[in-house]
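Written below as structure tokens is the structure these notes are about.
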Amino acid sequence: MPSSNVLSRSMGDPSASQAVLHITVVASAAPGDVQECMVTLPEGATVADALAASCLEGLAPWPGAVCGIWGRVVEQDCVLRAGDRVEMYRPLTVDPKTARRQRFARQGARTTGLFARQRPGGKAGY
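Under the working numbering, think of the first position of the sequence shown as 374, with each following residue one higher.
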């Protein structure tokens, strides 16, 4: 099925030959500190190009940082599409399972999860 883009290219439309992508780059250097920047790149640009063109302060890749597009992890050589949101994820400081175990040990069985609210005289967890 032909697209409207094919017709405009055949008619010599100058805007069709200069296709640009509008990309949003998002990074969070610290919890609660989210920075967002809009960049315009030529068609065929990669995630690495978007990170290099972004205006975010201190966006240099962290050691072990992972990038993604709309929450899906991708490599930095992945080609972008119009409207993509490039996200840079900082590394986890603690394994989530370990953090949960530590929190449970600190709070005790009576104040977390299923055990927090129980009927008077009922057993824990019911």
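Glycine included, every Cβ here is placed at the ideal spot set by N, Cα and C. For clarity, every value in this text was computed on a predicted model and none was experimentally measured.
The straight-line gap separating the alpha-carbon atoms of Lys470 and Ser401 is approximately 22 Å.
The C-beta distance from Met461 to Leu424 rounds to 7 Å, short enough to fall under 8 Å. Residue state for Arg474 is assigned as helix, using DSSP reduced to three classes.
In terms of CA proximity to Ala455, Val412 leads the group Val412, Gln449, Ala438, Cys440. Residue environment analysis places Cys440 among the buried positions, since at least 16 neighbouring C-beta atoms fall within 10 angstroms of its C-beta. Sequence-distant partners of Asp457 (beyond 5 residues in either direction) whose C-beta falls short of 6 Å from its own C-beta, in its chain, are Ile396, Ile442. In the three-state reduction of the DSSP assignment, Asp422 falls in the helix class, which pools H, G and I.
Here Val467 is exposed. Its C-beta has fewer than 16 other C-beta atoms within 10 Å. Taken in chain order, the complete beta strand (DSSP E) segments of 3 or more residues contained in the stretch 437 to 475 are 439 to 442, 445 to 447, 458 to 462.
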